[in-house]
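Just so we're aligned: the sequence shown equals residues 1 to 112 in UniProt numbering. Glycine residues also receive a C-beta, built at the ideal position from the N, C-alpha and C atoms. One structure is given below, encoded as structure tokens.
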Amino acid sequence: MVTIRKSSAITGKKKVTKSAKSNKVKTNKTTKVTKSQSKSTKSKIQKLNANDSEIREITSLLGTNVAKGHTKALDSRSLQADLKKDEQTRADNKKVENDLTSQLELLTGMGL
Numbered sequence: 001m002v003t004i005r006k007s008s009a010i011t012g013k014k015k016v017t018k019s020a021k022s023n024k025v026k027t028n029k030t031t032k033v034t035k036s037q038s039k040s041t042k043s044k045i046q047k048l049n050a051n052d053s054e055i056r057e058i059t060s061l062l063g064t065n066v067a068k069g070h071t072k073a074l075d076s077r078s079l080q081a082d083l084k085k086d087e088q089t090r091a092d093n094k095k096v097e098n099d100l101t102s103q104l105e106l107l108t109g110m111g112l
């Protein structure tokens with residue numbers, strides 16, 4: 001509500017003031033807005049906290065499998081294992097080569 005009052009007869013100006021009822025309505029609206037804002041903010045914070053705990057759990061699970069010790073280049077165990085693997089592949093390659101040469105000789109013998 002707006003009321004118009006005359007301030008003085010000398011100046012002839014009118015003064016516009018607000019009534020107390022309109023002030024109360026506005027303060028109630030502002031508190032209602034802040035309550036709803038605080039509720040929505042609180043729910044957002046709870047969601048973020050839940051997501052944060054899930055992310056921490058996932059990173060901790062990933063961290064346990066990823067953390068492996070680095071092998072040194074001159075480690076005797078790894079060198080011996082690599083040497084055995086190399087000898088095995090050489091032996092396998094030699095067997096395959098001998099088999100292929102014997103098959104090639106057989107095929108050339110049939111052609112003659």
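C-alpha gap between residue i and residue j, whole angstroms
| i | j | result |
| --- | --- | --- |
| residue 101 | residue 88 | 20 Å |
| residue 74 | residue 104 | 43 Å |
| residue 60 | residue 51 | 14 Å |
| residue 77 | residue 41 | 59 Å |
| residue 115 | residue 62 | Since the displayed the chain opens at 1 and closes at 112, residue 115 lies outside it and no answer follows. |
| residue 90 | residue 109 | 28 Å |
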